[in-house]
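Residue numbers (my numbering): 252 to 377.
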């Protein structure tokens, strides 16, 4: 029980900044501690940190004109949130993290690599 609570609280920023970075495109950072989504919260563009133990699944989704390509920031449905990405209309694929309530849907520059890196870390033995 204590481990789950500590996991959901995330790690102090100083611990996160010293971990090995596996991917960083300026909007999404994947490191040893979890996934950081920059420009997540509206209206102040504060980042969101998701530790691996909170991620239940990771998927990729094709973006189309009616399912998120033109959503620059905010909710596409009641259970999904897209962080700010002004380049999203030029991208084709999003990464969807299934977590407790609202699932982050984000568009890294290399979505297949990001999804693979996250999958490796959520399925790795503790």
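Using N, Cα and C, we set each Cβ at its ideal position, and we do this for glycine too.
So which of the options has the shortest CA-CA distance to residue i?
i: residue 296; options: 330, 312 and 323; result: 323
i: residue 351; options: 291, 302 and 276; result: 302
i: residue 354; options: 341, 306 and 272; result: 306
i: residue 366; options: 358, 290, 310 and 270; result: 310
i: residue 291; options: 277, 371, 314 and 313; result: 277
i: residue 294; options: 304, 326 and 330; result: 326
i: residue 316; options: 298, 282, 300 and 340; result: 340
i: residue 358; options: 371, 332 and 370; result: 332
What are the boundary residues of the beta strand (DSSP E) that includes residue i?
i: residue 356; result: 354–357
i: residue 369; result: Careful: residue 369 lies outside any beta strand (DSSP E), inside the alpha helix (DSSP H) at 362–374.
i: residue 349; result: 344–349
Compute the Euclidean distance between the alpha carbons of residue i and residue j, then round it to the nearest angstrom.
i: residue 334; j: residue 362; result: 15 Å
i: residue 364; j: residue 271; result: 16 Å
i: residue 373; j: residue 349; result: 12 Å
i: residue 274; j: residue 280; result: 6 Å
i: residue 304; j: residue 347; result: 16 Å
i: residue 313; j: residue 342; result: 9 Å
i: residue 298; j: residue 285; result: 13 Å
message: List, from N- to C-terminal side, the beta strand (DSSP E) runs of 3 residues or more that fit wholly inside the segment 276–319.
response: Qualifying beta strand (DSSP E) stretches, in chain order: 279–282, 285–292, 297–302 and 308–313.
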